[in-house]
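>
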């Protein structure tokens with residue numbers, strides 16, 4: 004069994020002088036991600052690895068979670084920034100099989116489309132939403148395909 008924690012980055016400021024890629028989290032976003040970490044800990048949903056987009060807001064979200072979970076295994080990748088759901092699925096298919104529970108921190112609309120792709124279910128994915136998707140029949144990340152997962156946990160900041 005493989006388990007994926009999909010997370011949309013926390014709320015970011017609307018603009019950055021350096022461009023979209025460098026938008027920092029807002030104060031609300033910083034508070035929301037700390038609250039999310041508490042919810043995940045309370046539900047024993049601590050991943051073994053966190054993979055995120057290399058954009059500032061996703062890295063900050065991922066770093067806050069990694070610190071809260073005492074995880075040193077954090078990987079930022081350009082491939083997740085502005086990725087399609089198919090690109091995200093390819094990224095998942097390349098996860099190391101050494102890990103059974105991995106978190107992916109990314110952007111909308113990609114995260115919402117990926118969730119639909121993996122589960123066949125439409126869910127609202129506002130900033131700092133987390134969704135756990137379980138793949139009961141998968142022994143490797145390479146086996147993850149369209150509509151092969153089931154949503155087992157869903158949380159929004161509110």
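Numbering (my numbering), first residue to last: 4 to 161. Think of the CB as a built atom: it goes at the ideal place given N, C-alpha and C, for glycine as much as any other residue.
#1: Judging by CA-CA distance, which residue of 106, 125 and 108 is the nearest neighbour of residue 115?
#2: Please report the straight-line C-alpha distance between residue 70 and residue 135, rounded to a whole angstrom.
#3: Report the start-end ranges of each alpha helix (DSSP H) in the stretch 90-131 that is 4 residues or longer and not cut off at the edges.
#4: Expressed to the nearest angstrom, what Euclidean distance is found between the alpha-carbon atoms of residue 49 and residue 43?
#5: Closest by CA to residue 79, which one among 98, 72 and 89?
#6: When DSSP builds the beta bridges, which residues end up paired with residue 133?
#7: Go through its chain and collect everything with a Cβ distance to residue 4's Cβ below 6 Å, but skip five positions before and after it.
#8: Classify residue 21 as buried or exposed, calling it buried when 16 or more other Cβ atoms lie within 10 Å of its own Cβ.
#9: What is the rounded straight-line gap between the Cα of residue 94 and the Cα of residue 52?
#10: With DSSP as the reference, label residue 77 as helix, strand or coil.
#11: Pick helix, strand or coil for residue 48, following the three-state DSSP scheme.
#12: Could you tell me which of 27, 81, 19 and 36 sits nearest to residue 132, measuring between CA atoms?
#13: Is it true that the CB of residue 64 sits closer than 9 Å to the CB of residue 13?
#14: Using the rule of at least 16 other Cβ atoms within 10 Å of the residue's Cβ for burial, across every protein chain shown, is residue 161 buried or exposed?
#15: What do you get for residue 87, buried or exposed, if any count of 16 or more other CB atoms within 10 angstroms of its CB means buried?
#16: Among 145, 84 and 105, which one has its Cα closest to the Cα of residue 112?
#17: Which of the three DSSP states, helix, strand or coil, is assigned to residue 40?
Put simply:
#1: As a position in the chain shown, residue 115 is number 112, starting the count at 1. Of the candidates 106, 125 and 108, the one whose C-alpha sits nearest the C-alpha of residue 115 is 125.
#2: Position 67 of the chain shown holds residue 70. Position 132 of the chain shown holds residue 135. Residue 70 and residue 135: Cα-Cα distance of roughly 20 Å.
#3: 113-122
#4: For the purposes of this step, residue 49 is identified with residue 46 of the chain shown, where counting begins at 1. For the purposes of this step, residue 43 is identified with residue 40 of the chain shown, where counting begins at 1. So the alpha carbons of these two residues sit roughly 6 Å apart.
#5: The sequence position of residue 79 within the chain shown is 76, counting from 1. Here the closest residue by C-alpha is 98.
#6: The residue you call residue 133 lines up with position 130 of the chain shown. The partner list for residue 133 (beta bridge, DSSP) reads 10 and 158.
#7: For this step, residue 4 is matched to residue 1 along the chain shown. Hits under 6 Å: 139.
#8: As a working note, residue 21 is residue 18 in the chain shown. In the assembly as shown, residue 21 is an exposed residue. Its beta-carbon has fewer than 16 other beta-carbons within 10 Å.
#9: If you number the chain shown from 1, residue 94 lands on position 91. If you number the chain shown from 1, residue 52 lands on position 49. For residue 94 and residue 52, the distance between alpha carbons rounds to 14 Å.
#10: Within the chain shown, residue 77 is the residue found at index 74, counting from 1. Strand, per DSSP.
#11: As a first step, residue 48 must be located in the chain shown, where it is residue number 45. Coil.
#12: For the purposes of this step, residue 132 is taken as residue 129 along the chain shown, with counting starting at 1. Ranking 27, 81, 19 and 36 by Cα distance to residue 132 puts 36 first.
#13: As a first step, residue 13 must be located in the chain shown, where it is residue number 10. As a first step, residue 64 must be located in the chain shown, where it is residue number 61. Yes, they are a contact pair.
#14: Taking the chain shown and counting its residues from 1, the one referred to as residue 161 is at position 158. A residue is called buried when at least 16 other Cβ atoms come within 10 angstroms of its Cβ; residue 161 does not meet this threshold and is exposed.
#15: Along the chain shown, one-based indexing puts residue 87 at 84. Exposed is the call here.
#16: For the purposes of this step, residue 112 is taken as residue 109 along the chain shown, with counting starting at 1. Among 145, 84 and 105, the Cα nearest to that of residue 112 belongs to 84.
#17: Within the chain shown, residue 40 is the residue found at index 37, counting from 1. Helix, per DSSP.
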